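K.L.:
Numbering (the working numbering), first residue to last: 167 to 370.
#1: Please work out which residues of its chain come closer than 8 Å, Cβ to Cβ, to residue 338, disregarding the five sequence neighbours upstream and downstream, and give them in chain order.
#2: Return yes when the Cβ of residue 332 is within less than 8 Å of the Cβ of residue 313, no when it is not.
#3: Whole angstroms are fine: how far does the CA of residue 357 sit from the CA of residue 198?
#4: Would you mind stating whether residue 320 and residue 259 have Cβ atoms separated by less than 8 Å?
#5: Report yes if the C-beta distance between residue 233 and residue 353 is below 8 Å; otherwise report no.
#6: Below 7 Å CB to CB, which residues in the same chain sit around residue 205 once its five sequence neighbours on both sides are set aside?
#7: For residue 289, I'd like the list of residues in its chain whose CB is within less than 7 Å of its CB, leaving aside the five on either flank, ordered along the chain.
#8: Within the same chain, show all residues whose beta-carbon is closer than 6 Å to that of residue 283, passing over the 5 residues directly before and after it, in chain order.
#9: Are there three or more Cβ pairs, one per stretch, closer than 8 Å when the region 213-230 is compared with the region 304-318?
#10: Between the C-alpha atoms of residue 231 and residue 213, what's the straight-line distance to the nearest angstrom?
#11: Looking at C-alpha atoms only, which residue of 317, 281 and 180 is the closest neighbour of residue 268?
#12: Check the C-beta distance from residue 252 over to residue 183 and give it rounded, since I have them as a contact under 8 Å.
#13: Going by alpha carbons, who is nearest to residue 307 out of 350, 202, 323 and 276?
#14: Span of the alpha helix (DSSP H) holding residue 305?
#15: For residue 351, does the three-state DSSP call read helix, strand or coil?
#16: What does the alpha-carbon distance come out to for the pair residue 303 and residue 225?
#17: Determine, using beta carbons only, whether residue 328 and residue 274 come nearer to each other than 8 Å.
Structure (C-alpha cells):
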C-alpha cells in the first residue's frame, strides 16, 4: 500500500539514445521548422499532464540536452535525463524505467517520430480502464505510437521487444482508432523527415 500511495498517475519515457546513422546524425538533435523535435515531444507531454517525462539519451549528448530550454526553464528541470549507451530500444526502456519515479502506467515513444496530437494522448488514457494493460493508437488499420502500458508489462521480460510483449496481452491490449496520422510516423531516413516536415533533416 505504501508503494501505491507514491505512484503517480501516468509517466512517459522518450527513447532518444539511437545513433541515427541512417538519418545522418543523432535523432535527439533533429531540428524541425518549429524547433528541436525533442522539445516538441516534451512540450506535448507536459501539455497532456505528464509531470516530468523521462528522456533516455547517450552520454555524449549531455551538454546539448542541458543547454535546451522549455519555456525559458532548463530542460533538466522539466524532464528527467537518463544517460546511457543502450544497444536497442528494449534496453533504453529498461534503463529509463530503472531510475524514473514510480507510475502505474507509462507512455512510451521514440524521439524519431512526429509528436502525436493531444487528443491522441487523451484517447489512450480514456481507453485505459479496468482490465486493460495497454492501449495503442491505430490509424487506417495500422498501429503506431505512443504506447500506453501498465508498468508491470514494461518491467516484465525487459530484454523482449515491446511489440512482442504487447502481442501477448490478447484482449488486455486495446487498439484505439485515432484520426492522427502522426502515430504512424517513423523518421528513420532523410526522406522520411522530408515527407513530414517538407525539408531535409537538420541537426542542432
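Note that CB positions come from ideal geometry on N, CA and C, so glycine has one too.
Since the model is a prediction, treat every value here as computed from it, not as a measurement.
P.N.:
Short version:
#1: Indexing the chain shown from 1 puts residue 338 at position 172. The residues are 297, 298, 299 and 300.
#2: Your numbering for residue 313 matches position 147 in the chain shown. Your numbering for residue 332 matches position 166 in the chain shown. Result yes, Cβ atoms of residue 313 and residue 332 sit closer than 8 Å.
#3: As a working note, residue 198 is residue 32 in the chain shown. As a working note, residue 357 is residue 191 in the chain shown. For residue 198 and residue 357, the distance between alpha carbons rounds to 14 Å.
#4: Your numbering for residue 320 matches position 154 in the chain shown. Your numbering for residue 259 matches position 93 in the chain shown. Result yes, Cβ atoms of residue 320 and residue 259 sit closer than 8 Å.
#5: Translated into positions along the chain shown, residue 233 becomes position 67. Translated into positions along the chain shown, residue 353 becomes position 187. Not a contact, by the Cβ cut-off of 8 Å.
#6: Taking the first residue of the chain shown as 1, we reach residue 205 at position 39. Counting only Cβ-Cβ distances below 7 Å, and skipping sequence neighbours, we find 234 and 236.
#7: Counting from one through the chain shown, the residue named residue 289 turns up at place 123. So the qualifying residues of the chain are 342 and 344.
#8: Within the chain shown, numbered from 1, the residue matching residue 283 stands at position 117. Closer than 6 Å at the Cβ level, and outside the excluded window around residue 283, lie 346.
#9: no
#10: Within the chain shown, numbered from 1, the residue matching residue 231 stands at position 65. Within the chain shown, numbered from 1, the residue matching residue 213 stands at position 47. Taking the straight line joining both Cα atoms gives about 20 Å.
#11: Residue mapping note: residue 268 aligns to position 102 of the chain shown, counting from 1. Nearest option by C-alpha distance: 317.
#12: By 1-based counting over the chain shown, the position of residue 252 is 86. By 1-based counting over the chain shown, the position of residue 183 is 17. Contact flag correct, Cβ pair sits at about 5 Å.
#13: One-based indexing of the chain shown puts residue 307 at position 141. When each option's Cα is compared against that of residue 307, the closest is 350.
#14: For this step, residue 305 is matched to residue 139 along the chain shown. First-last for residue 305: 300-305, but that is the beta strand (DSSP E), not the alpha helix (DSSP H).
#15: Residue 351 sits at position 185 when you count from the first residue of the chain shown. Coil.
#16: Numbered from 1 along the chain shown, position 137 holds the residue referred to as residue 303. Numbered from 1 along the chain shown, position 59 holds the residue referred to as residue 225. One C-alpha to the other measures close to 31 Å.
#17: Within the chain shown, the letter at position 162 stands for residue 328. Within the chain shown, the letter at position 108 stands for residue 274. Cβ atoms of residue 328 and residue 274: closer than 8 Å.
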